[in-house]
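Chains as they are written, first to last, in my numbering: chain A, 2 to 113; chain B, 5 to 125. Below: the structure, in structure tokens.
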Amino acid sequence: QQPVQSPQAVILREGEDAVINCSSSKALYSVHWYRQKHGEAPVFLMILLKGGEQKGHEKISASFNEKKQQSSLYLTASQLSYSGTYFCGTEGTTSGTYKYIFGTGTRLKVLA
Amino acid sequence: GAVVSQHPSWVICKSGTSVKIECRSLDFQATTMFWYRQFPKQSLMLMATSNEGSKATYEQGVEKDKFLINHASLTLSTLTVTSAHPEDSSFYICSARDLFLALTSRYNEQFFGPGTRLTVL
């Protein structure tokens with residue numbers, strides 16, 4: 002089942018912060034975060050594996066809640082280059098088949 | 005780093021023709037490759053999981069006879085859109101799991117191809 006992201010879209014001014022959420026109705030094995038620019042493939046940002054985990058680099062960080070059903074991506078002091086669509090990705094197995102599914106996506110626009 | 009290529013990058017074809025898209029892992033072996041389709045302003049939707057040496061597993065609602073997948077080697081998977089129609093116009097992206105990482109790590113980073121934009125007239 003596809004994870005649901007919120008908000009669907011957000012507009013920021015340079016330097017502002019944003020939080021993007023990814024929610025699942027069942028516990029996830031892991032959660033991956035990606036950013037996609039228009040017309041390009043997604044670019045991997047980070048992965049979280051453990052409940053309660055927090056991870057980040059530079060001004061982008063993420064958390065994974067204890068129940069492993071929700072993850073949040075934190076963008077601080079946003080830059081113009083942060084514009085794009087953010088997806089969470091989740092992996093798991095269905096009927097013995099490994100699958101990788103993306104969330105609904107959040108479009109982020111950073112204005113100067 | 006792990007690189008996945010797709011060919012072609014862009015393709016325009018007439019309605020009724022078939023189009024083949026290649027996905028190659030250039031510097032690693034991939035037992036599993038995934039094919040996604042992305043319509044404008046939408047998420048990437050998994051179409052099928054391609055396994056080397058076996059039949060692909062298709063997601064519900066994806067026609068097997070229309071989207072033919074062949075994963076003949078550990079570095080190549082192909083998607084053929086047969087008898088393409090305008091509604092098949094989309095951005096098709098493949099991704100691959102690194103076999104070594106899959107066997108030795110708890111997690112599996114996906115390596116994405118650059119995508120193929122298909123326009124059917």
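In this text, a Cβ means the ideal position worked out from N, Cα and C, and glycines have one as well.
Are the CB atoms of residue i and residue j nearer to each other than 9 Å?
i, j, result
"A:SER73", "A:LEU109", "no"
"B:GLY119", "B:GLN33", "no"
"B:MET51", "B:TYR62", "yes"
"A:LEU29", "A:THR91", "yes"
"A:SER24", "A:SER7", "yes"
"B:ILE25", "B:LEU83", "yes"
"B:ARG3", "B:TRP39", "The structure shown has nothing for residue 3 of chain B, since chain B only spans 5 to 125."
"A:GLY104", "A:GLN37", "no"
"A:SER82", "A:VAL44", "no"
"A:GLU41", "A:SER79", "no"
"B:SER54", "B:LEU30", "no"
"B:LEU78", "B:THR35", "yes"
For residue i, which of helix, strand or coil comes out of DSSP?
i, result
"B:GLU26", "strand"
"A:GLU92", "strand"
"A:TYR87", "strand"
"A:THR77", "coil"
"B:SER87", "coil"
"B:SER58", "coil"
"B:PHE32", "coil"
"B:LEU105", "helix"
"A:SER62", "strand"
"B:SER99", "strand"
"B:SER4", "Outside the shown range of chain B, which is 5 to 125, sits residue 4 of chain B, and nothing can be said about it."
Taking C-beta pairs closer than 9 Å, name the residues in chain B that residue i reaches, listed in chain order.
i, result
"A:GLY104", "SER47"
"A:GLY93", "Per Cβ cutoff of 9 Å: no residues; A:GLY93 is ~11 Å from chain B at best."
Going along chain B, which residues have a C-beta under 7 Å from residue i?
i, result
"A:PHE45", "GLU113"
"A:PHE65", "Near A:PHE65 there are no residues of chain B at all, since even the closest Cβ is about 12 Å away, more than 7 Å."
Tell me where the beta strand (DSSP E) around residue i begins and ends.
i, result
"A:ASN22", "19-24"
"B:VAL124", "120-124"
"A:GLY57", "55-58"
"A:THR107", "107-112"
"B:THR53", "49-55"
"A:SER7", "5-7"
"B:PHE115", "114-116"
"B:THR36", "36-42"
"A:GLN37", "32-37"
"A:THR98", "98-103"
"B:ALA76", "71-77"
"B:VAL15", "14-17"
"A:LEU46", "44-49"
"A:ALA10", "10-14"
"B:GLN46", "Looking at the DSSP string, B:GLN46 is not in any beta strand (DSSP E), and its letter there is neither H nor E."
"A:GLN70", "Careful: A:GLN70 lies outside any beta strand (DSSP E) and carries neither H nor E."
"B:GLN10", "8-11"
If the cut is a Cβ gap below 8 Å, which residues of chain A does residue i touch?
i, result
"B:LEU50", "LYS100, TYR101, ILE102, PHE103"
"B:PRO118", "GLU41, ALA42"
Name, please, each residue of chain A whose Cβ falls closer than 9 Å to the Cβ of residue i.
i, result
"B:ILE97", "ALA42, PRO43"
"B:THR123", "Neighbours of B:THR123 on chain A: none; closest Cβ ~13 Å, over 9 Å."
"B:THR53", "THR98, TYR99, LYS100, TYR101"
So with CB distances below 8 Å, who are the chain B contacts of residue i?
i, result
"A:GLY90", "GLN114"
Mind pulling the chain A residues with CB within less than 7 Å of residue i?
i, result
"B:THR61", "THR98"
*Going along the chain, which residues of the stretch 23-41 of chain B sit with their C-beta nearer than 8 Å to a C-beta in chain A?*
THR36, PHE38, TYR40
*Quick one: which residues of the stretch 70-82 of chain B get their C-beta closer than 8 Å to a C-beta of chain A? List them in chain order.*
If the cut-off is 8 Å between Cβ atoms, the stretch 70-82 of chain B has nothing near chain A.
*asked:* Closer than 7 Å between beta carbons: that is the criterion. Which residues of the stretch 11-23 of chain B meet it against chain A?
replied: none
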